[in-house]
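Visitor: I am attaching a structure below and will ask some questions about it afterwards.
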Amino acid sequence: MQTASDRHEYPAHWEADVVLRDGGTARIRPITAEDADRLVSFYEQVSDESKYYRFFAPYPRLSAKDVHRFTHHDFVDRVGLAATIGGEFIATVRYDRIGAAGRPAGAGTSDEAEVAFLVQDAHQGRGVASALLEHIAAVARERGIRRFTAEVLPANTKMIKVFTDAGYTQKRSFEDGVVRLEFDIEPTDRSLAVQRAREQRAEGRSVRRLLVPGSVAVVGVGRAPGGVGRSILDHIRDGGFTGRLHAVNRAFEAGRTEIAGVPAHRSVREIDGPVDLAVVAVPAEHVPGVVTECGEHGVQGLVVISAGYAESGPEGRERQRALVRHARAYGMRIIGPNAFGIVNTSPGVRLNASLAPEMPRPGRIGMFAQSGAIGIALLSRLHRRGGGVTGTTGVSTFVSSGNRADVSGNDVLQYWYDDPDTDVALMYLESIGNPRKFTRLARRTAAAKPLVVVQGAGSAPQGHAVRATRLPHATVSALLRQAGVIRVDTITELVDTGLLLARQPLPSGPRVAILGNSESLGVLTYDRCLAEGLRPQLPRDLTTAASAEDFRAALARALADETSDAVVVTAIPALGEGATEDAALAAALQSAAEAAPGKPVLVVHVELGGLAEALSAAASTGPQAAPGTATPATAPADPATGPGALTASTTAAAPQATPAQPSDAVPPRPAAGPRLIPAYPAAERAVRALAEAVRYGQWRREAADPGKVPEYDDIDERGAAELIRTLLARGQGLTLGPEETCELLGRYGVHVRRALPAPTPDTAVEAARSLGYPVALKATAPHLRHRADLGGVRLDLADEEQLRRAYAELTGLFGKPEELRPVVQAMAPRGVDTVVRAVIDPAAGAVLSFGLAGAASQLLDDMAHRLVPVTGREATSMVRSIRTAPLLFGWRGSAPVDTPALEELLLRVSRLVDDHPEVVAVTLEPAVVAPRGVSVLSASVRLAPPPARDDLGPRTLPAY
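What the sequence shown shows, in the numbering used here, is residues 319 to 1278, in sequence order.
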């Protein structure tokens, strides 16, 4: 037990699960007196060389005094952390607070500490020390330590590299044969960049361990055909899995060596050789025993198909939390529980560890679905031939996460980011458990390859200990678009857009050429282009007599025309046409498209199933199935659309293309050669997909130069910080009064027009004299504030007589002055009333919002949202992105207002909440934008201790 001198209770919030460099996991926790035996056992497994590097001398064993010292901590001046797997130590780190002379010091007397590590040799090179350094630094900062020192032998190059690669500002010296390192432990831009790069590699590799296994065990395989476990075993075997496959069921009779041609075992422990992935399909009550077997055998990851967890209620949630803790204790990650499974179509893997009976066709699209039913629908739409969208593309990888107790969409994004087999990512997300991290990862991914998302309005994952966002669904969607996410509303739009992006170049702009053999279909396409904000040219009607050669020539001319950025071909069948004519038309379109690979081409067809098939066949240049391998067949009926519904079809994969590089100024173009032309059964579907591609291409170009957060010489950041500290000393959270609000905003160059209270007619007159006529008289009671439509405001009062008359009218209409809370304010220049808001959301972070003031904007939810800090380019985009923006630019002959001044106001508010996270809410309403300048007539500010920033702390997995 801890002694009486230990001044703090056990800090449970320091416990964390982390992903290591190779994709495995470990648990980091404080070391306590109960760990004496674990410490001794750990030390015995460390090599003599590592012991020498730690203690600078031969140190074969720890004395009782050493054990006591290294296990008894006060969690303030002396702290030890251990990384554990299976409950056993694999590494330790500790710090001791020291004074100027290097002697032990107490809190309040020193902000410096000496830090030292010891990592078991078997786990060196896994990034354990780097993870421990992040966590011990966070602990030290919490305890008032700002600087670490470390003494390392010159030969201990691995440990020196841990310190030097961390990204902290360092000072290095050499004396008495020892390298002395000193470094501040406050996060820097470089340390955060290092941390996030390590996070991406580690989490990406953890998913790769699941998707690219060398051996798989299916646990829960029935002896008779049918059942979940037996079906998955059959799917893996029939899909042509290239690794070793094992069937496990404890009910197998003794002596059985195989089932369905697969080696059979009664336990994972009986398998001779390593197992990389276990697919678990046993009843929930038997899963813990399976997890223990897998952990003891060294299995790297689990796909848990079993149900009966968080989806079933409180008892299931506790069972799910226990499952995750149990698996992580052995360093394993989990997909599921209640998962549909995973698929990897790579020729070197060919893994169909899912409930889908057929291996999807290989292709360049990665798919993630939180719902099993939606996952089935997605696979079906991309697999089946039919009257819907077609094109020869397919799936690279597929993950259905079920309850996503561990592996989430964020982890899969980390894998796709540098996966050479994935060009486009499609995701169905019922909810986003960590919006701040997701938007960060999405922005980075979208700069390299398209990310298309259908976002549900669900709550946080059941059983997760994550902060829930308080932002409206529409606001989260806007923030996703800001991050480059192609946000669509339906599964149909998800597939439509994904197929276009998978094999067509991005359009360079919104100009669309339309040609075809149907005037009415061309006009319909033209109208839809206008509705989507595109700039279509008048359709070119080739007439119903047009031949395949006419189509080819017309398409070639349109692609060569520098006034168009994309071409939509519309086609209807001529009487008596058949498969031969369809093939000829497809070949003609393909020929013209190949000659001009810089522009996207789409086809809108009506009752031309043969053309859709022919377009697929015309571009099918991928490798054919090898003899003896499974041939993809029709997928099961799409449960989302029912029998006979329009679905997607694909064929074999086209040659692999090099993934787009991030931050390209010009959208990437596919390699020369045949490219796929997607065909759509309706104009609105084709145009919607094209519009999304246009908007994404524009985002890619802008992302190459996102702009800068401007500096303003008149901002008093230090003075604002001191004022905030003084105000917060009054309490944990408070809404500032008018004077305090004006003072704080004024420190950032945001000046609010004075509003003087007027509890009586005489004080109103006195206030008007002080401010100068003309004035406004306003009721500020909560039910009347910002409601000019209710008549609680009188404007342009030119003298005392008008003011007294207005005062009498207001009190006569709405009640006594103490109920109205009237104020007098000098008139501002006339202009457009706007509202500016900023709020800190515990999950998403600081968000800046802008819109026009008034009931119409509120009713239509016509607001723009951006994550803070906002750049100059983003502020400009923000002002122009709302639907009512024309009112700011001279709509119907009105005078344009001073939008540069409005943008500056947005940037100043953004700087305030970014510099001072204690400012948790700001509202400027109204901010009147005149032809010259902006007048803020009313403002409110709320202060509170800021929510913890998960993205600034050490790497951790979601807590359970």
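The beta carbon of each residue, even a glycine, is placed where N, CA and C say it ideally should be.
Please read all numbers here as calculations on a predicted model, not as lab measurements.
1) Between Ala409 and Arg415, which are expected to be in contact by the criterion C-beta below 8 Å, what is the C-beta distance as a whole number of angstroms?
2) Among the candidates Glu748, Ala455, Leu797, whose CA atom is the shortest distance from the CA of Glu1192?
3) If I measure Cβ to Cβ from Cys847 and keep anything under 6 Å in the same chain, skipping five residues before and after, which residues do I get?
4) By how many angstroms is the C-alpha of Glu880 removed from the C-alpha of Ala866?
5) For a test of the three-state rule: what should DSSP assign to Arg464, helix, strand or coil?
6) Are the CB atoms of Arg1112 and Leu1095 nearer to each other than 7 Å?
7) Using a Cβ-Cβ cutoff of less than 8 Å, which residues in the same chain neighbour Ala913 once the five nearest sequence positions on both sides are dropped?
8) Determine the direct distance from the alpha carbon of Leu1220 to that of Trp1209, and round the result to whole angstroms.
9) Work out the CA separation of Met1196 and Ser1025 for me, nearest whole Å.
10) Is the region 518–528 in contact with the region 536–543, if contact means three or more CB pairs nearer than 8 Å?
11) Tell me which residue opens and which closes the alpha helix (DSSP H) that Phe1207 is part of.
12) Give the DSSP bridge partners of Thr1152, in chain order.
13) In terms of residue numbering, what span does the beta strand (DSSP E) encompassing Ile660 cover?
14) Looking at the structure shown, is Pro601 part of a helix, part of a strand, or coil, going by DSSP?
15) Quick check on this structure: which residue in Asp335, Pro768, Ile349, His1183 has the alpha carbon closest to the alpha carbon of Arg643?
16) Please name the residue or residues paired with Thr888 in a DSSP beta bridge.
17) Measure the C-alpha to C-alpha separation of Gly1251 and Glu1010 and round it to an integer number of angstroms.
18) With distances taken from CA atoms, which of Phe1132, Gly1110, Tyr844, Asp900 is nearest Ala1000?
19) Let's see if you can read the secondary structure: which residues bound the beta strand (DSSP E) around Asp335?
20) My output table needs one value for His583: the three-state DSSP class, helix, strand or coil.
21) I need the DSSP call for Met477, collapsed to helix, strand or coil.
22) Within 10 angstroms of the Cβ of Pro945, are there 16 or more other Cβ atoms? Answer buried if so, exposed if not.
23) Just the Cα atoms here: how many angstroms apart are Gly404 and Ala647?
24) Taking Ile554 as part of the alpha helix (DSSP H), name the residues at either end of that continuous run.
25) On the three-state DSSP scale, how would you describe Leu856?
26) Just to confirm my understanding: we take Arg498, look at its own chain, exclude 5 residues before and 5 after, and list those with CB closer than 6 Å. What are they?
27) Select from Glu1119, Pro1214, Pro1140 the residue whose C-alpha is nearest the C-alpha of Val1150.
28) Could you tell me if Tyr1030 is buried or exposed, where buried requires 16 or more neighbouring beta carbons within 10 angstroms of its beta carbon?
29) Whole angstroms is fine: what's the gap from Phe756's alpha carbon to Gln618's?
30) Hey, how far is the Cα of Val886 from the Cα of Ala906?
31) Start and end of the alpha helix (DSSP H) containing Glu1057?
32) Going by DSSP, name the residue or residues bridged to Asn670.
33) Express the C-alpha separation of Gly1051 and Pro738 in angstroms, rounding to a whole number.
34) For the region 739–826, which segments carrying the beta strand (DSSP E) assignment without a break, of at least 3 residues, lie completely within its bounds, in sequence order?
35) How about Ile1158 and Val1240: do their beta carbons lie closer than 7 Å?
36) Taking the alpha-carbon of Gly684 as reference, which of Asn656, Asn721, Asp736, Pro655 has the nearest alpha-carbon?
Guide: The relevant details are as follows:
1) Actually they do not touch by this definition, with Cβ atoms about 22 Å apart.
2) The shortest Cα separation from Glu1192 among Glu748, Ala455, Leu797 belongs to Leu797.
3) Closer than 6 Å at the Cβ level, and outside the excluded window around Cys847, lie Val830, Pro854, Val1005.
4) Straight-line Cα distance between these residues: approximately 24 Å.
5) In the structure shown, Arg464 sits in coil (DSSP, three-state: anything other than H, G, I, E or B).
6) Going by C-beta atoms, Arg1112 is nearer than 7 Å to Leu1095.
7) Same-chain partners within the cutoff: Ala874, Leu877.
8) When rounded, the separation of the alpha-carbon atoms in Trp1209 and Leu1220 is 17 Å.
9) Note that residue 1025 corresponds to Gly in the displayed sequence, not to Ser. Approximately 13 Å between the Cα atoms of the pair.
10) These segments do not touch.
11) Run containing Phe1207: none; DSSP gives neither H nor E here.
12) The partner list for Thr1152 (beta bridge, DSSP) reads Leu1170, Ala1245.
13) According to the DSSP assignment, Ile660 belongs to the beta strand (DSSP E) that extends over 659–662.
14) Of the three classes helix, strand and coil, the one that applies to Pro601 here is coil, per DSSP.
15) The shortest CA-to-CA distance from Arg643 to any of Asp335, Pro768, Ile349, His1183 is the one to Asp335.
16) Gly834, Val922.
17) Cα atoms of Gly1251 and Glu1010: separation of roughly 36 Å, rounded to the nearest angstrom.
18) The closest CA to that of Ala1000, considering only Phe1132, Gly1110, Tyr844, Asp900, is found on Tyr844.
19) Where Asp335 is concerned, the enclosing beta strand (DSSP E) starts and stops at 334–337.
20) In this structure, His583 counts as strand in the three-state DSSP scheme.
21) Met477 falls in the helix class under three-state DSSP.
22) Low per-residue confidence applies at Pro945: pLDDT is 35, beneath 50, and the placement is therefore not dependable enough to give any value.
23) Using only the alpha carbons, I get a separation of about 5 Å.
24) That run of the alpha helix (DSSP H) goes 546–556.
25) In the structure shown, Leu856 sits in coil (DSSP, three-state: anything other than H, G, I, E or B).
26) Cβ within range, chain order: Glu469, Ser491.
27) For the residues Glu1119, Pro1214, Pro1140, the minimum Cα distance to Val1150 belongs to Pro1214.
28) Exposed is the call here.
29) Roughly 25 Å separates the two Cα atoms.
30) Cα to Cα, the separation comes out at about 15 Å.
31) Taken as a continuous stretch (DSSP letters only), the alpha helix (DSSP H) holding Glu1057 covers 1056–1064.
32) Answer is Val661, bridged to Asn670.
33) For Pro738 and Gly1051, the distance between alpha carbons rounds to 49 Å.
34) Given a length threshold of 3 residues, each whole run of the beta strand (DSSP E) inside the region 739–826 is given here in chain order: 742–747, 769–773, 804–806.
35) Taking 7 Å as the cut-off, the Cβ atoms of Ile1158 and Val1240 do not count as close.
36) Nearest option by C-alpha distance: Asp736.
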